[in-house]
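These protein sequences, in sequence, are chains L and U. With positions in the first sequence counted from 1, the corresponding number in my numbering is that position plus 45. With positions in the second sequence counted from 1, the corresponding number in my numbering is that position plus 660. Reviewing the structure listed below.
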Amino acid sequence: MADKKPQAAPANRGHGPGSHGGVVEKPKNFWRTTGRLAKYMSSYITGLIIVMILAIASAVFQIKTPKILGQATTEIYKGLMTGVAQQKAGLKIKGLPIDFTKIEHIILIVILMYLASAIFSFIQQFVMTRVSQRTVYKMRRDLKSKMQRLPIGYYDSHSNGDIMSRAINDMDNIAGTLQQSLTQLVTSTVTFIGVIWMMLTISWQLTLIALATVPLSLIVVGLVAPQSQKFFKRQQASLGLLNNQVEENYSGHVVVKSFNHEKSSIEVFEKENSKLYKASWKAQMISGIVMPLMTFINNLGYVLVAIYGGIQVANGRIALGDIQAFLQYMNQFSQPIAQLANLTNTIQATVASAERIFEILDEPEMDNSKVDVPNVETDDKVTLDHVKFGYEGKPTLLEDYNLNVKPGEMIAIVGPTGAGKTTIINLLERFYDVSGGSIKIGGKDIRNMTREQVRSHYAMVLQDTWLFTGTIYDNLKYSKEDATKEEILTAAKAAHVDNFVRQLPDGYDTVLNEEASNISQGQRQLITIARAFVADPEILILDEATSSVDTRTELHIQHAMERLLKDRTSFVVAHRLSTIQDADKIIVMNHGSIVETGNHEELMAKNGFYADLYNSQFAGNVAL
Amino acid sequence: MFKIARGRINTMQVLGAVIFMIFQVVATLYIPNLTSDIVNKGVITGDTNYIVSAGIKMVVVSLITVVAAFGNVLMASQASQGLGRKLRSDLFKKILYFTHDEFDKFETSSLTTRTTNDVIQIQNVMIMMLRMMIMAPIMLIGASFMAYQKNAEMTKIFLISIPILIIVVGLVMFFAVPLFKAMQKKTDRLNLVFREGLTGVRVIRAFRQDKFEQDRFKDANADYTNNAVKVFTIVAVMFPVVTLVMSGTNVGITWLGAHYIANQSMQIGNMIAFMTYAMQILMSFMILSMVFVFVPRASASAARIQEVFETESKIDVVAKPANVKGDAGLGFNDVNFRYTGAEKLALSNLNFKVTQGQTLAIIGGTGSGKSTLINLIPRFYDAETGVVSLNGTDVKALSTEDINSKVSMVPQKAILFKGTIRENMAYGKDGATDDEIWHALKIAQADDFVKELDGQLDGEVEQGGDNFSGGQKQRLAIARALVKDASVYVFDDSFSALDFKTDLNLRTALKNDEKISQAVVVIVGQRISTVADADQIVVLEDGKMVGLGTHQELKDNNKTYQEIIESQLKEVK
């Protein structure tokens, strides 16, 4: 089988709570990927436009209100100053002459604006949730259907962990960003521009003072961010190593203990643990210091504005309410800067995620082109005609291989462990296509049939007892959708499944879980045999079990397999002498390629690899 | 959560974090006070000097804030990450000395999660507590006090806004929390279906069930999406409403403030300061409500960690070991054993003895107790009654370390560690020479493929030995055990992954090796051919020893043994 590519699949990309920042991955081609991502959302364009308009409107209202509310303060101040002036003039007044009708009026407007802003903000989130979730829904759907069209070679050359990480973590990243960051991007930009605009309408001098703090903030971000990145990266790397160590030591604890290796294991662990500690507290510390520093810079601006503004008000050049509004703007104005800085990281990480998903979507699909191999008249069930094959980028394994399989024949495939016995199965089932020659079923080249047609001739029982998470009944029905209950029960009985299933509390409705903790490995094997019975195929592909099961179950499995094989054309990866000796033809494999073919007598007479393999069974000169 | 932190977190650092936080909060609260002074005493009276001096005070106070914050962050990150380090270290040590029983109880994957993810969860919540969550109550009390001082009357505005805030946050949590929980389940389901599509791709395609798979995924996907839309819609309500409450409070303050100022019961600067305090009070409330989200999550992790700490290791050296007389070798004398909590004995009445230079084979179906028997030798488990003796000493009188220095074992599942071939080989013998290693590799029939590796003995072993085939891993594991010097070598079903020929060559090489041939060799096997040439064969069935003898004796007289031969060599008689 092809090698598994050792791709690093970072399980946790550092989005834990409390970690501001984390490690950012950069996309290879930012704009192209962004464009493709945008295309995914294009069917929701109306929704998106509404969201954008509402986001802008909501932000504008939010920006406008402090200024208007400030007018109320100005009114109060005016009344106060008049009152003070009147008192100074010696007038006795009952209350300060504050214009309450005007204040009432202002407050009413402000309340309405706040309300509108809240409603807009809600609608915007409401729509965006739907747009983002449905976009990701579509992406997941496309990814899944792509997986169906990818050749088995793709699965063999990519680790499941890597594919899973793309399907889960990267998808999550995209969903999160679409949900939150897009509207935040709009709102922050609008707020930033709007706030500067509002500040300018109050006083350009004050605005200049406020803006003077921006470079200071940028310096802080520019100095601190790379530092924190550095430590987060170190932390992530350390954590990965530590995880591996823990996993290795726990899963290998039998060895660790029996070799008295606990102390040195702990020593190695402590070293990495200390490294992790050093990197992580520094990462936390540096990312944690950003906020207070920003607040301090903001406070500096605040003080300067207060001083300068205070003097201006005292001189009567600016209204007090305007200063109050201006101070509120100062607070609002540092927020979007920090947010925008964060967003660039998030968006980059998201585009990198999208890139990884598009990478799968761009993989070449299975080749469905027909070949120019004429049909031939033959009584062969299966014909291998001058077959040539090798896995991509690997040496050729089969060269000019011929085999005729007549109906009802049993073909045994034997060889030492790791000899490549699955290669034949891969070719028969059209998991891989031959690179030369032709494989025919009933005289027709299998490349001139759809893969579904090819596979409809076969049923397969592998050692890997894959069953899906669902009821036993549904798993049995898996091989034949229109199977009747009767057929299924008959199959279950023939495969010794019926008996133990009836002992389970939920019988055939027992849900098999992923870890298979509710039934034994041997019982799973029996279910896969029953599943093949239900399919009632013309040709059977069978991998005999070597895995350890108890004697009784083993007998059951053997018995069930014999029944299943009866009167059927079959290919058996054989470990049992009886099977091998009964076989009509034996394919002997070693180091990936076929070394000999023939029946037992022929091969023994040849005195080659097979004879050697066979004889080694009786070595030790034990009389049996 | 606090239970596992006790004694592991640096209390001085925690105290430091709290003290710095108090400084930070007090300084933060003092700033609005200064603002109001600027307005009241500076602006209204037109006293520019006062404004400037108050401004300088503000800068100084801000500086105190930032220094205090710095101190708090420093202490908080060291305390929280230090707690994490200590927890990880304690867990790792504790777990590494777990016995088999305890490993069985927890399962490896769960123990790994506890040591890594659960600890990180605790670390994260701890730093949040030390930074934000202790700030909230201090800020709340401080700001309330300040606001009350500025204007006691006006604090009644909080009687409206705080209940509204609590109701809103409460309602959102009430509706959203179950949905968030459901979301976790639906995410799991989505991942499960996708993963099954990967692991089962051959079966799915062979049975032409692609459409079924697509439909199954579509259902899970739609289910997840619908739930996510619901959750985020509810969350979408919260943010605008909270903003509205805060803005509303400000408006209310302006309105009430205008009246108080009009009848001269309040100064205008105090109104502006009051607004700032109001915001701080409401923000603190929001932060406090987060406690309800994060603390339960952390306490689940804490409980899982605590469970590990509370597990007590059972196997200890017993004070009064049985006095066994005898010579070098391995003996089982009336041994009975049962698993913790089991009703039935897993092994009963085992009696046999192997002397130096002899080979003992154990055969029987799975579930017959072969591995269990093996596990009694290095005290992975202890016998209930009877004595397992090693070189004449009851193993219960020996520490596991003592035993393991005398017993070299190849477990059923070949386990290799990340590193080089040499590191893996020298695992049981520090400083093993290359010659020794090559010799062992040769016996284990592993020298051929190791020679072909890049760097040979320096060749890399990936995590779990994933760059080797099952048979190769098994042979490396055997070689590793052979490098170690021991008086008993145990092979727990180690030959079944090998083909017949390799199996034979290996056993022949074992027999001819000087070191090994002088030791006790115990071989557990399933194939007759593997066990046939042993000096003694133990036949196990359902935990009982149903036969003991040589191949020839058993073949003639033992029914179970005959059955095993029958099943394996049906046609060859």
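Where is the CB? At the ideal position from N, CA and C, for every residue including glycine. In this text, all values refer to a predicted model and were calculated from it rather than measured experimentally.
Check: Does the segment 538-558 of chain L come close enough to the segment 513-520 of chain L that 3 or more CB-CB pairs lie under 8 Å?; Outcome: yes
Check: For the beta strand (DSSP E) holding serine 162 (chain L), just list the boundary residues, first then last.; Outcome: Premise fails: serine 162 (chain L) lies in the alpha helix (DSSP H), 145-194, not in any beta strand (DSSP E).
Check: With distances taken Cα to Cα, identify the nearest neighbour of valine 1191 (chain U) among U:Ile1225, U:Val1206, U:Lys1204 and U:Ala922.; Outcome: U:Ile1225
Check: Under 7 Å, do valine 1184 (chain U) and aspartate 1152 (chain U) count as touching if we go by C-beta distance?; Outcome: yes
Check: Going by beta-carbon coordinates alone, are serine 248 (chain L) and alanine 328 (chain L) separated by less than 7 Å?; Outcome: no
Check: So leucine 223 (chain L) and threonine 180 (chain L) are supposed to be a Cβ contact under 8 Å. How far apart are they, rounded?; Outcome: 6 Å
Check: Of all Cβ atoms in chain U, is any one closer than 7 Å to the Cβ of tryptophan 326 (chain L)?; Outcome: yes
Check: My understanding is that leucine 858 (chain U) touches asparagine 881 (chain U), with C-beta atoms under 8 Å, so please give their C-beta distance in whole angstroms.; Outcome: Not a contact, Cβ separation roughly 16 Å.
Check: Go through the segment 798-876 of chain U residue by residue and report every complete run of the alpha helix (DSSP H) that reaches 4 residues or more, in order.; Outcome: 818-859 and 861-866
Check: Suppose the cutoff is 7 Å on Cβ atoms and the five residues either side in sequence are ignored; what does the same chain contact list for glutamine 373 (chain L) look like?; Outcome: Pro111
Check: Let me make sure I understand the geometry here. Which of U:Ile682, U:Leu756, U:Gln781 and U:Val686 has the alpha-carbon closest to that of arginine 957 (chain U)?; Outcome: U:Gln781
Check: Is the CB of serine 296 (chain L) under 7 Å away from at least one CB in chain U?; Outcome: yes
Check: What did DSSP end up calling threonine 708 (chain U) once you bin it into helix, strand or coil?; Outcome: helix
Check: For my contact list, methionine 949 (chain U) and methionine 330 (chain L) are in at a C-beta cut-off of 8 Å; report their separation, rounded to the angstrom.; Outcome: For the record, residue 949 (chain U) in the displayed sequence is serine; it is not methionine. Not really, about 27 Å apart at Cβ, beyond 8 Å.
Check: CA-CA distance, arginine 666 (chain U) and methionine 786 (chain U)?; Outcome: 12 Å
Check: Tell me serine 1008 (chain U)'s beta-bridge partners as DSSP assigns them.; Outcome: U:Lys1204
Check: May I ask you to verify whether the segment 911-926 of chain U touches the segment 754-767 of chain U, counting CB pairs closer than 8 Å and requiring at least 3?; Outcome: no
Check: How about valine 418 (chain L) and aspartate 490 (chain L): are their beta carbons less than 7 Å apart?; Outcome: yes
Check: Using the Cα positions of alanine 1179 (chain U) and lysine 426 (chain L), report the straight-line distance between them to the nearest angstrom.; Outcome: 56 Å
Check: I need the straight-line Cα distance from lysine 50 (chain L) to aspartate 581 (chain L), nearest angstrom please.; Outcome: Because the pLDDT at lysine 50 (chain L) is just 33, under 50, the model does not fix this residue reliably, and the point stays unresolved.
Check: Check leucine 990 (chain U) in the structure and name its three-state DSSP category.; Outcome: strand
Check: Go to glycine 1046 (chain U), then tell me how far its beta strand (DSSP E) extends in each direction, as first and last residue.; Outcome: 1045-1050
Check: Enumerate, from N- to C-terminal direction, the unbroken alpha helix (DSSP H) stretches of 4 or more residues contained entirely within the segment 254-342 of chain L.; Outcome: 298-303
Check: Could you list which residues in chain L have their beta carbon closer than 8 Å to that of arginine 1260 (chain U), in chain order?; Outcome: This structure cannot settle anything about residue 1260 (chain U), because the visible part of chain U is limited to 661 through 1233.
Check: Do the segment 307-316 of chain L and the segment 694-702 of chain U touch if we need at least three Cβ pairs shorter than 8 Å?; Outcome: no
Check: Between the Cα of tyrosine 182 (chain L) and those of U:Phe877, U:Met793 and U:Glu873, spot the shortest distance and give me the residue it belongs to.; Outcome: U:Phe877
Check: Report the neighbours of arginine 1082 (chain U) on chain L: residues whose CB is nearer than 8 Å to its CB, in chain order.; Outcome: Per Cβ cutoff of 8 Å: no residues; arginine 1082 (chain U) is ~15 Å from chain L at best.
Check: Specify the secondary structure class of threonine 759 (chain U) as computed by DSSP and reduced to three states.; Outcome: coil
Check: Are the segment 726-734 of chain U and the segment 681-689 of chain U touching, with three or more C-beta to C-beta distances below 8 Å?; Outcome: yes
Check: Tell me the DSSP bridge mates of aspartate 412 (chain L)?; Outcome: According to DSSP, which records beta bridges pairwise, aspartate 412 (chain L) is partnered with nothing at all.
Check: Interface residues of chain L around glutamine 738 (chain U) at Cβ under 7 Å?; Outcome: Trp326
Check: Quick one: what's glycine 643 (chain L) bridged to in DSSP?; Outcome: L:Ile631
Check: Taking Cβ-Cβ distances shorter than 8 Å, what residues in chain L pair up with aspartate 870 (chain U)?; Outcome: Gln193
Check: Which residue or residues does DSSP assign as beta-bridge partners of valine 1070 (chain U)?; Outcome: U:Phe1151
Check: Can you list the residues of chain L that glutamine 874 (chain U) reaches, using a CB-CB cut of under 8 Å?; Outcome: Lys189, Ser190 and Gln193
Check: Can you tell me whether arginine 547 (chain L) is buried or exposed, with buried defined as 16 or more other CB within 10 angstroms of its CB?; Outcome: exposed
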